[in-house]
Structures are given as structure tokens and as C-alpha cells.
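Chemist: Once you've had a glance at the structure underneath, I'll fire off some questions.
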Amino acid sequence: MTDAFSREIQAPLGNATDQAAAPIAPISASPVTEDMTIVAAINATLAAEMQRDERVMVLGEDVAISGGVFRATDGLLDKFGSDRVVDMPLAEAAILGASVGLAAGGMIPVPEIQFLGFSYQAMHQLAGQIARFRYRSQGRLPMPITIRAPFGGGVRTPELHSDSLEGQLTNIPGLKIVAPASAADAKGLLSEAIRDPDPVVFLEPLRGYRGVKGPVPDGDYRVPFGSARWVMSGSDVTIIAWSYQVEVARRAARSLAKQDISVGVLDLRSLVPLDIDAVVEAVELTGRVLIAEEAAPTAAFGAELIATITEHAFYSLEAPPARVSGFSTPYPVGMLEDSYVPDQKRIEAGVLRLLELEP
Amino acid sequence: MTDAFSREIQAPLGNATDQAAAPIAPISASPVTEDMTIVAAINATLAAEMQRDERVMVLGEDVAISGGVFRATDGLLDKFGSDRVVDMPLAEAAILGASVGLAAGGMIPVPEIQFLGFSYQAMHQLAGQIARFRYRSQGRLPMPITIRAPFGGGVRTPELHSDSLEGQLTNIPGLKIVAPASAADAKGLLSEAIRDPDPVVFLEPLRGYRGVKGPVPDGDYRVPFGSARWVMSGSDVTIIAWSYQVEVARRAARSLAKQDISVGVLDLRSLVPLDIDAVVEAVELTGRVLIAEEAAPTAAFGAELIATITEHAFYSLEAPPARVSGFSTPYPVGMLEDSYVPDQKRIEAGVLRLLELEP
Amino acid sequence: MVSTLSNEDLLAMHCEMIKARTASDRLWSLQRQGRIGTIAPIDGQEATTVGAAQALDPLTDWVLPQYREPLALGRYGPEVLNRFVAWAIGHPDGGHIPEPIRVFPPQISLATQILHAVGLAWAMKLRNERGVVLVFFGDGSSSEGDFYEAGNLAGVLKVPVIFVCANNQWAISTPTTKQTAAASFAAKADAFGIPGVTVDGMDPVAMHEVVQAARDRALDGRGATLIEAVSYRLGAHTTADDPTRYIPAAELEEARQRDPIVMFGRQLEDRGLWNSELEHDAHASAEQAIDAAWAFATNLPLRQSDLFDHVFAQPTQRQRLERASLEAHLGSTS
Amino acid sequence: MVSTLSNEDLLAMHCEMIKARTASDRLWSLQRQGRIGTIAPIDGQEATTVGAAQALDPLTDWVLPQYREPLALGRYGPEVLNRFVAWAIGHPDGGHIPEPIRVFPPQISLATQILHAVGLAWAMKLRNERGVVLVFFGDGSSSEGDFYEAGNLAGVLKVPVIFVCANNQWAISTPTTKQTAAASFAAKADAFGIPGVTVDGMDPVAMHEVVQAARDRALDGRGATLIEAVSYRLGAHTTADDPTRYIPAAELEEARQRDPIVMFGRQLEDRGLWNSELEHDAHASAEQAIDAAWAFATNLPLRQSDLFDHVFAQPTQRQRLERASLEAHLGSTS
Ligand SMILES: Cc1ncc(C[n+]2csc(CCOP(=O)(O)OP(=O)(O)O)c2C)c(N)n1
Ligand SMILES: Cc1ncc(C[n+]2csc(CCOP(=O)(O)OP(=O)(O)O)c2C)c(N)n1
Ligand SMILES: [Mg+2]
Ligand SMILES: [Mg+2]
């Protein structure tokens, strides 16, 4: 089931950043200097952006002296001092609400929410305030704020540490929602986010922090939002994913390749703005699309992708677009989470079903 | 374009409760005694449920002495006293967080959030706590809580008073999401919600409070969740809607009937649980489905409906399912809202587009 | 009446209070005529806002209002009222208070602005800008978590912010006794390690004094102050409200005796600073101000597709598609 | 040491503290062996929990813990520890503390449980149930809006709730000086109009006393009390944390000198109530307790499709479809 079109890129095995083969948004030609984990790329990018623009500051719970519970902000306090790297009282609404004022006062805040699930404590500031201030003030008070938060399952965290809230976040007009899957994108998208004049929720893959490693371009490197990335091409089925599910999808595609099933993987990189053209291309290439996401399915972002597909590429469909996702239950406890989070097997089964084959 | 199948029910003009013609969940045979507005039906139902079960209590901002800013709780303080009808401090998280404890302590709280947009202040209690307590405690601590909140546009309210958050709410596992469109359903679904052993977010149509009036069955009357209601049948296109958009859709359908275009209207009544069979039937009847909703479109509930349709009824589609919705902007100020909220004209245009006719 | 205020200042404050009341009354009757939407009158709280603003320097100090105060912020220029009227009629430009006016648009999501104020004061401190941030919020709003988180954060950061709790005794129909059991709203400052003071919010001179002291303290690097300005809501909550359902008539009557404009007018008269001629002029210029604001607001241009402006600096592809579809639709149906 | 506690009570408290520490240590090493996930040890806070629980009546009073206290709630029966270990290994039944035990499952979303406690105490008041609700939360958690909203609501409602702020000086790496500028955490009670007291949280007898007084007051219909229990976190925040990055070694060493178990043991010895034999027995029975809890937790049955249970009383159609598909998938791949 492979054909000439299928062109999987050679990249080190187990490495999530098969960067080439990009019909859309080809990676810039910056010299690749270093293999990094995603968390290292984030840490280096924060340092670089703070170096570049002294208005950039980092605030959150445990971001300063301890360097963040995942060490994403490690070393920043020493480099930039306690005015610009701030351990906040334990109050998420205060972290985001103060960021509004900081932004209005000329700073570029990069608040961290320790785990995305705790953004619920600040939803009135995020959805009701940060997302609307430019609009409400008709441009007078823009909100150049990048809210960083890890999310995603598979690492046996307690409640509310793993929840995937992209569906809820993308339904909030006025926020850009970005979710890198590779170390290079972690850098390129984070630089872009911090320099973006509008609020960006920057979703970091908890399981990918140290679980995903890859080459990261040196120097100034930005990835524009709304430019999806072809991780690999394939002619039978296309998987659309973002964040850590890109890695899972890539593994499933490699494994299916051994059965002569040619699967493409499209990494959306940003959900808002969405690269509609790439999504349409994904449908046109194979007519069969599988969406892989961790969230509970109802009104999750996968649903939006299906709606977007039916709107823009309905007549290219050869089968109903399908989704593999979490289930309609709260994110479960550790002993059940491997059944909840889509894994390679469930994605493979989803691909086979799309081809009307028995899993 | 009408045919024998099309059977619009005779009902008083301008009345949103064309109750008969219900292939699904026929209305119970209770004698219809009174024409009521939606807010009157809610008020009467709250009183009846409090009368029936002394564990039921109402709490919220301005619900007691003033009877609620829309008078939905008017008279309850006099009837049931200040222990069971409680004006709370102005804090939404306190209202919902206290409800968790009240429920654990054997009460059946019916908290009111004055406007749905202010549920953001309590999202950590709603999504993180109320929705999960039964699951987290494996059944020990169920949460029989009905959260009432008005929402929806078109009435020139200030910011955050009109926002449609169904997409975000339905993405939260563990909550039932209910949205009546008629006075009869306001009663039947609210009784059901209060007696349901699980948390229900009961979304009340702000514009329908006094704008929608209709016959309300007397006595004990409940409408089961997950049973959609055929407002009218039609053979060319089916509109799926809920809450006030049902009324708008009904008007559009009546108007299109004059052009010999036969449009069915399905009122979902509850979004979670969803009446999947009725949605499938809606597709099968016409092959052309239009979803009408007020929310910003991305990952809104309309997206979920399209995903559900492609999953369960793809091969019955004769055109891509379409949506008419709000736009990808925050809910706008009064002078712009009539362009934002889908009106009869936009729905009619959407129907014509589905039939590949020029609007 | 002991203070640093000159006679001119005193007169300016009185005129400003009259202007606020006049504008509030006008909007009320415009609403009653069905020409604008819901309006929250300011009756009873003029002195709280005007006295506080008098202690600020509009060139350096920010004001973050709730939704009543913009009626009384003439000290920051007539544009504040212009924009407020535009906001009240539902025009998008109503939220745009132009540079360099240091006033935020009205806040509807109660108490959220208190955190914004702390962040803004923090930015000023970080950038070594001389100035303070003053934020207004109601007695009801003080029950929101955001108020406490803001007070606590300000205490920790020692930022130049002044919290003014405009205690008008009511949050819609909810009296302060149902809002808190604390000895006073000012007592809540203990939770933050900042000073808390209670002041007569119906006396503009007293207001000016405590705000001036709080401002001096803030500029001195000694951090935040919580001021409880005690007044009484003499009008309805909004045009949509019927206060006779819950306000005891006698209590309201008693409060009316303390009407800040009447009281302050008398004090000025006693000191020979006020007379019927000045009163007449003040009312005439107040009418002019609201006339001008109404003219400004109702003459603002508007296109329905403007609803897509200013969501982001640059629209997304999706927004462009939506805008095109709306324009086509409006074109085809108009 | 003056109190109403009998010698038996004192010994029971000491044994309970030893049991808590032993269980905490065991879970720590199981985590280090890779057999369980993240664990938050209790070292330093045993007396806070045990002393407070000693003042409660398990038949009438509820306890709402944060995430450390379940290790030390043996007064509510061994099932609490059993379930806590099940929770720690990620078993769904870990959150189910069976009837009639009046203990909530651990809370991860900080401070949310403080509002639950107020609601629960309110329900007891409404239903004329005699009893109180005691809720634990950390110094860090006191910065969340929920804490303040809860305190304020309890003040207004006068409900029988006891707030215990377990001030162990740290919220992960954040010291109390960055958490608040208030004179103390107890001082925050002023914002609520309830009494606030500070107590040595490393002394179980002192804890018992203030909680008993708060309980008497609550049962008397006089409402809530805020207790700040001052202790020190002697261990890491959790197994995932490296406190050497931020805790000054000397400060920690000083705190270790006040280890509540060592100190209380000495006091009991001084009074002739404790000796090495009792010590030996106490440790043996503590080991037995955690052995039993481990056996309980690791023997709980589990099916992957159980993940659909208990979302609602009755599953929705969608959940039934999902469950069937998961079962089919697991069947086909296992
Ligand atoms: C977060 C939030 N909750 C509820 C409301 C609805 N609401 C509008 S005004 C008001 C009362 C406000 O009282 P207070 O803060 O005392 O201000 P006042 O109106 O007395 O000036 C309420 C409950 C709101 N706007 N925002
Ligand atoms: C709402 C919320 N925000 C953040 C976290 C992450 N977190 C877990 S424990 C902790 C520190 C808690 O400190 P404290 O309340 O003092 O309790 P302690 O750990 O010292 O017992 C943080 C920030 C969380 N669990 N919940
Ligand atoms: Mg008030
Ligand atoms: Mg602590």
C-alpha cells in the first residue's frame, strides 16, 4: 500500500522531529547545532527572549528559585534577577490577572500555569479578560501575554495535572492556542508567541518535556502560527495531530508502513490560528483522515477539525473523518490512564478501520 | 418543495412550542392548563420541586429578597424561608463550591449563576470539582446539583452577559448540559434536572425568558434528557438547534415554507446526553443539515454535532452539514450584536446554500 | 474641612459632582425613553469618585473604574464621559479611551480589575515610573476571590496601588450584612498586611485626604492602601432594577438627607464659596458636557463588519473568511 | 502540657504520629523503587493532623484533607490509610472512602476543599445535625481566592467549620514571605469576622486544645474559627522535588531539632508514659498498618473498562458506545 508519493523522511529512530518533507512551511535553513529535549528548548528560548527584550518577564508558581517544577525556567533567576523572574503567591487568577496589568503597563509577561488544569482557577481572567482586552478597548490595550502550561497524560500525575483543554480554549475567541510537538517547534513557536502582540496559550507536552528530543536550529528562529508541519507523508490515510500525539501518530505510521500501509502525519502546531489549507491538503491527499487527540471527545478540537473538513473538503472525503481520543469521563487515575490516552495501538486500529480493514 | 412528509403543526403564531409532531419523545398527556413564559415556568417549577422535596434549596446572587434579576426565583423566599432561599455573597466560586458541600451533606442545591459568563469565576469548582466528585469518590459523593444560568444574546446586555459557552461546557466530562427552548420544556427539563442524581447545567434562554410563551402541562411533568423534540418536520433540510435558536429556526422554516421549501426543526433539549438517534434521523430525513447556534464557532457544540453526524450518518448526507453561528470574535457590544447572533435571515440563507440555491 | 485643597479645588470638585449627577440623570431618562440600554446611576457616590480623582495626577496616575465611576472622572478630561456614553449606547468605540488618558474602560466582570490594577502598579514599579494606580470596586465585589488575591499580592509586592472599596451598602439587592461579617471592609486589609482606612465616601474633602495620604505612601515606596469609602446608593442599582423591593424606605430617606451634592453645596455656601449664580452656571455647564458626550457618541460611525476589528492585531484566515461572508450577507440582504 | 487529654489519649496520639511517619517513609521508598507514583511525605506535620483529629468525634465530625493529612487520620479508622495507599498507586477505589467514614478523598486542586467544607457545615446546620467540619489546607493554598471566599462565607453564615491552615513554611519552593505580607495567616480571620489563632503545629497537645475550643464554639452555634498551625516541612515537597535547591540547610537543621515525634516522645518519657518497649511496639504496629494498607491497595481488582464507572449514576448512550469500543479494542489487542 505504499506508493511513490509516500516519502518518509530519514531521521534518527525514536526522534519526534522528522523535520524535512514539509510541503507546508519548510523549516528555515538555520544551521542545526544541538539536539535538545523540549524542556531544554523552552528553557533556552525563554532565556534568549528575555535577553533580547528586557520587557519580557516570567512569573508563576515556583518558577524562580527552584527553576520550575519541570526546570523549564531553570537558571533564569540567576541570569535576569528577581524583578523579571518572579515566584508568585499560589493563585492562578492573580498570576493571569496581574499579567493583564503588567501588559497594560508596558511589560511582556510570560506567566506559567503549573499545570493546565489549574487554568480553571483563572478562567475568568483568561477567557473574560486577557482574551478580550484588545477588543474591548478597540486596540488601546493589547495583551502581549504568553501563558505557558504543561498538559497531557501518560505520566501518572494526580488529578487535573493531565487534562487536555484545547477544545475549551479554542472556543474562546481572542486567544491563540499553540501546541508544539518537537523541540525545534518548541523554540520556534515560543519565540513567535512571546513576540506576538496578542495573547497566546502555549501548551507544552508534559510527556514530551524529556520524552521528545531533536535538533533545534541555532540563533533567532521562529515558526509562524497557522503553518502546519508534515511530519511524514502517506497516501492511504492522513493522521492529524498536535502536541505529544504527533509522536504517537508517527510511531503508528512507521509501524503500519511495515504492513505496506502508507500513513501521513500532519502536525498542526497551532490550533488557533488553524492552517486550514494544510487540513484541506491532508484530506485531498488521501481522502481518509484520522484525528488523534487526548481530550474527552465532545466538542473537543477534533470535532472542530471534522467540521472544518466538511466545510472545506467534503467532496474529497473517501470515508467519514474519524477521531481517536480520550473518553467521555474525567481524566482517570494512573492505573487507568493508559486506556484513556490514545496509544499507538488505538491509532493503528483507527487507521485500519478507515481503510475498512479489521484491526 | 413541500411534500406529504412535511407536517407542520398548527400552533398559535409566534409561539415557540409547537409541541406535537414528535417522532421522538412524545409529550406526555398531562392536561395543558396554562400559557406561560419560560421564566414563569421556571419559577413555578422551582416552587413545585421545593415543595416536593425539602432538601431542595436555591442559592445565588439576589435570588431571595429581590426574587432574582429576572424574577425567576420570585416568591420563593416567602414560601420557603431564608434557610432554603439564600442571597449569597457576590462570589460565584463560593456559590458552586458551597454547593458541593451542601450536596455532600444531603441537600439538593439549585445554585444560580446570575449570567452564564460569570461561571468563568467558578470554573475550577464546576469543571474541576462538581463534575468529578462522583467519579473521584467512585460513587460515595454524588453531586445532585442543578446550576441554573441565563445566556444568549440579542437583548443588549453588557459584556459577558450574553456569551454562549455550550462548547466549553459540553467538553467537560461529568456534567449534563440542558437547554430548553419552550416553556413546557423549561418545566419538564428543570424538574428532571433537580431530580437527577448528577450535576446538570441548566441553560436558560435570556431572550426567551419573556419572549417565548406557550402551554405548560400541569402537575408532575418531566422530560427525559437525551430526547430531542421535533418542532416541525420537513423534507428538504433539517435545522438542528437548541435554546432560543429553536425559535429563530422555526421562524425561518415558516418563512421558507412560503417559498415551498420544506424545513424540519429539531430541538435537542439536552446536549449532554445527546439524542444521537434523533440526530441521525434528522440527517436521514433530508440529507441536508444546518446547525444554528449562537456561540463562536471553533470547537463549539455545532462542531460536535457535525462530528457526530459524520460518525453515525455520513452516508446519508447529501451535502456537507453546515453551521450558522456567532463569529470568531468575543461577543460584541450592543450595536453589533444583531450581526453576531444568527437571525432568521442568516438561517434562511444557510438553508438555501444547502440546497445550492442563491440566497 | 481641613485639607490642602484650594478654594478652586473645592469648587472644581463640586462642579464635577454636579456634572456626574447630571450626566447620570440624563442617561437614566434616555434609557427610560428607550434610546439606550441598561445604565447604572451614580447617585450618592459622586463624592467618592470625585474626591479620589482630585488627589491623583492625571499625567502619572491610572484609574481603573468599575462601571459607575466613569461618570465622575471629568478630572481626566471630557473624553472619559464621551466614551462612557458611547459605551452605554453599545458602540464599540466606547471601550476605547484614547492615549494618553490613564483610565481603563468600565469593568463588568466584577473584581477582575483589582488584579489588573496590581499588575499595572507592578509594571510602574519595575519601570521606575512615578505614579500610582487607583482602582474602584464595590462592597459586593469585595467578596470575589480576585479582590483578596489582589490585596494579598499587592502586600507581597509592595506596589503603588490604592484600593477604593466604594461601599454603597448594596450589591444589587444584597446588603453588606450578607456580604461579610468582617468589622468593616477596611478591616480586610489585615489579611494583606497593608493599612486599611474607613472614610466618609459622601464627603469629597475627606476622600481627597485619605487618597492623598495613600498616594504619598505609595509614591514613597511603602506600598498599597485599602480605603473603604462609605456612602449610600441613592438610586436604583440600574435602570433594570426596582429597589423598592428590598430597600427599607426609611433607611433610604435617611440616606437621602446626606446627599453628597446637597451637603457639600451647603458647606461651600457656609464658607461663602457658593451661591445660586454659581449653581446655575454649574448646572448649565454640566448639561453642556452631557450634551456634548451624547453628540459625540451618537455621531460615531459604525459598520457592522467592524465587529471583526481588534480581536487580534492581524485577523486570522478564519476571521477573514467570516468577515467576507458577513459582508456578503449584509450586502445581499440590505 | 495542660489539657483534658488522658494518658491513653496522649499515647494514642504518639502512636498515631509514628504510624503516619512510618507510612510516609514506606511510601517514599516504594516510590524510590519505582513501585508507586509521586508521594507527598508528612514529615513535620504529624502533630498538626493528629492533634486536630484527636479533638474530633469521628461519628459526627467531618475531615476534609489536602493531600498529606490522610496519612495521619488513623483516628478515623485504618480504612483511611488503606484508601490513601490505593490512591497513591493510582487505583480508582483510592478515592472511595466508604460510608460511614466522614473523611473526604485527598484534594489536589488547592483550596477548593475549603469551600466544600463551608457548604458541608452549612448542610449540617440546616439539617440540625450535631457536628463540625474541619478542613486542612496549606500556607500556599491560603493565597487562592477560594480560601478567602470560604472564610468570608463562613463568617456570614456562622456555620460549624474549623479552618486549619497547616503552615509548614513552604509551598513547594515558595516561602511564606512570598505568600503574604499579613502579620500571620491567622490574622486573615479579620477579613472574615471570625476568630483567628496561631498554634504550635508541632505540638499535638496544643493542636488538640485549640481545635477543641474551636469545636466547642462551633457546636455552640458561634461559627467558624481559623487556626494557623505553625510547623515546618521536614521532608521534600514530594518525591519529585529537590528541596536542597531552595531550603537553607541551617534553617532545615534547626527545624529538625523540633521534630514533633522526637519532642513529644521526650515529653511522654519525662512524664513516665513512654519507654523503649512501647516505642518498639508502636513501630511494629505502625509497620503492620502500612503493610496491611499496601496489601489492601495492591489486591484491589481492576478492569480497564472500569474507567467508565461512576461518571454518572447511569451512563449516557455515548459512554456505552465508548465503553463497548474500548472493550472490543482491549479484547482484540490483549
Ligand atoms: C463576576 C460577576 N458576577 C456577577 C455580576 C452581576 N452583577 C452586576 S453588578 C452586581 C452587584 C455589584 O455590587 P457592588 O460591587 O457593591 O457594586 P455597586 O453596583 O453597588 O456599585 C452584580 C452581582 C457581574 N457583573 N460580575
Ligand atoms: C490550584 C492548584 N494550583 C497549583 C497546584 C500545584 N501545587 C501542588 S502542591 C503546591 C504547593 C502547595 O503548598 P501548600 O498549600 O503550602 O501545601 P504543602 O504542600 O506545603 O503541604 C502547588 C503549587 C495545585 N495542585 N493546585
Ligand atoms: Mg455596592
Ligand atoms: Mg505549605
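Protein chains in written order, with numbering that gives the first Met the number 0: chain A, 0 to 358; chain B, 0 to 358; chain C, 0 to 333; chain D, 0 to 333.
Idealized CB from N, CA, C, for every residue including glycine.
Keep in mind the model is a prediction, meaning the values are calculated, not measured.
How would you label D:Thr-59, buried or exposed, when you count the other beta carbons within 10 angstroms and need 16 or more for buried?
Modeler: With fewer than 16 other Cβ atoms within 10 Å, it is exposed.
Chemist: For my contact list, A:Arg-322 and A:Ile-290 are in at a C-beta cut-off of 8 Å; report their separation, rounded to the angstrom.
Modeler: About 4 Å separates the two Cβ atoms, so the contact holds.
Chemist: Counting pairs of beta carbons, one from the stretch 203-218 of chain D and one from the stretch 167-174 of chain C, are three or more of them closer than 8 Å?
Modeler: no
Chemist: So within the stretch 132-161 of chain B, which uninterrupted beta strand (DSSP E) runs reach at least 3 residues, ignoring any that extend past its ends?
Modeler: 145-150
Chemist: What does DSSP give as the partner residue(s) for D:Ser-230 in the beta ladder?
Modeler: Note: D:Ser-230 sits in no beta bridge, so no partner.
Chemist: In or out: C:Gly-330 buried (at least 16 other Cβ within 10 Å) or exposed?
Modeler: Per the 10 Å Cβ criterion, exposed.
Chemist: What residue does the alpha helix (DSSP H) around B:Glu-203 start on, and which one ends it?
Modeler: No alpha helix (DSSP H) contains B:Glu-203, which is instead part of the beta strand (DSSP E) from 199-204.
Chemist: Over the uninterrupted alpha helix (DSSP H) stretch that includes D:Asp-8, give me the two end residues.
Modeler: Annotation for D:Asp-8: the continuous alpha helix (DSSP H) segment containing it runs 6-31.
Chemist: Could you compute how far the alpha carbon of B:Gly-13 sits from the alpha carbon of B:Gly-225?
Modeler: Confidence is the limiting factor: at B:Gly-13 the pLDDT is only 31, short of 50, which leaves the residue's position unreliable and the question unanswerable from this model.
Chemist: For ligand 6, is there any heavy atom lying closer than 7 Å to the beta carbon of A:Ile-238?
Modeler: Ligand 6 is not part of the structure shown, which contains ligand 1, ligand 2, ligand 3 and ligand 4 as its ligands.
Chemist: Leaving out five residues on either side along the sequence, give the residues of the same chain with a beta carbon under 6 Å from the beta carbon of A:Gly-233.
Modeler: Ser-5, Ser-261, Val-262 and Gly-263
Chemist: Which bits of chain D does C:Thr-179 rub up against, with CB to CB less than 7 Å?
Modeler: Asn-151, Gly-154, Val-155 and Gly-192
Chemist: Run the CB neighbour count on C:Tyr-231, radius 10 Å, all protein chains shown included, and call it buried at 16 or more, exposed below.
Modeler: So C:Tyr-231 ends up on the buried side.
Chemist: Given a cut-off of 8 Å, decide if A:Ala-294 and A:Ser-254 are closer than it, judged by their beta-carbon atoms.
Modeler: Not in contact: A:Ser-254 and A:Ala-294 (Cβ atoms no closer than 8 Å).
Chemist: Relative to the C-alpha of A:Asp-259, which candidate in A:Leu-95, A:Val-350 and A:Leu-45 has its C-alpha closest?
Modeler: Nearest of A:Leu-95, A:Val-350 and A:Leu-45 to A:Asp-259, Cα basis: A:Val-350.
Chemist: I want to know whether the stretch 306-322 of chain C touches the stretch 326-344 of chain B - three or more CB-CB distances under 8 Å.
Modeler: yes
Chemist: Quick check on the burial criterion: 16 or more other C-beta atoms within 10 angstroms. Buried or exposed for A:Asp-235?
Modeler: Answer is buried; the Cβ neighbour count reaches 16.
Chemist: Does the Cβ of A:Tyr-314 have 16 or more other Cβ atoms within 10 Å, making it buried, or fewer, making it exposed?
Modeler: exposed
Chemist: Taking just the CA atoms, how far does A:Phe-132 sit from B:Leu-316?
Modeler: Here the alpha carbons of A:Phe-132 and B:Leu-316 stand approximately 41 Å from one another.
Chemist: Tell me the residue span of the beta strand (DSSP E) that contains D:Trp-61.
Modeler: 61-63
Chemist: For A:Ile-26, does the count of other Cβ atoms within 10 angstroms reach 16, so buried, or fall short, so exposed?
Modeler: Its pLDDT being 45, under 50, A:Ile-26 is placed unreliably in this model, and the coordinates cannot settle the point.
Chemist: Spell out the partners DSSP gives B:Lys-175 in its beta bridges.
Modeler: B:Val-199
Chemist: Let me check understanding here. Comparing Cα to Cα, which of B:Thr-307, B:Val-332 and B:Thr-44 lies closest to B:Arg-147?
Modeler: B:Thr-44
Chemist: I'd like to know if D:Ala-182 contacts chain C, where contact means its C-beta is closer than 8 Å to some C-beta of that chain.
Modeler: yes
Chemist: In its own chain, which residues sit with a C-beta less than 7 Å from the C-beta of B:Ser-81, not counting the 5 before and 5 after it?
Modeler: Ala-63
Chemist: Distance, Cα to Cα, A:Glu-48 vs A:Val-154?
Modeler: So the two alpha carbons sit approximately 29 Å from each other.
Chemist: Consider the Cβ of B:Pro-110: report whether some Cβ of chain D lies at a distance smaller than 8 Å.
Modeler: Not a single C-beta of chain D is nearer than 8 Å to the C-beta of B:Pro-110.
Chemist: Any heavy atom of ligand 3 closer than 7 Å to the beta-carbon of C:Trp-61?
Modeler: Every heavy atom of ligand 3 is 7 Å or more from the Cβ of C:Trp-61, so no.
Chemist: Any heavy atom of ligand 4 closer than 7 Å to the beta-carbon of D:Asp-167?
Modeler: As written in the sequence, residue 167 of chain D is Asn, which differs from the Asp given in the question. The answer is yes for D:Asn-167.
Chemist: If you run the structure through DSSP and keep just helix, strand and coil, what is B:Asp-342?
Modeler: coil
Chemist: Tell me which same chain residues have a C-beta within less than 6 Å of the C-beta of A:Thr-36, skipping the five on either side of it?
Modeler: Arg-209 and Lys-212
Chemist: With DSSP collapsed to three states, give me the class of D:Leu-306.
Modeler: helix
Chemist: Against chain D, does C:Glu-7 count as a neighbour if the rule is that its beta carbon must be under 8 Å from one of theirs?
Modeler: no
Chemist: Tell me which residues share the same chain as A:Ile-41 and place their Cβ nearer than 7 Å to its Cβ, disregarding the 5 neighbours each side in the sequence.
Modeler: Ala-71, Ala-185, Leu-189 and Glu-203
Chemist: I'd like the span of the beta strand (DSSP E) that includes A:Lys-212, first residue to last.
Modeler: Residue range 212-216 is occupied by the beta strand (DSSP E) that includes A:Lys-212.
Chemist: So, do the stretch 123-142 of chain B and the stretch 75-90 of chain B have three or more beta carbon pairs nearer to each other than 8 Å?
Modeler: no
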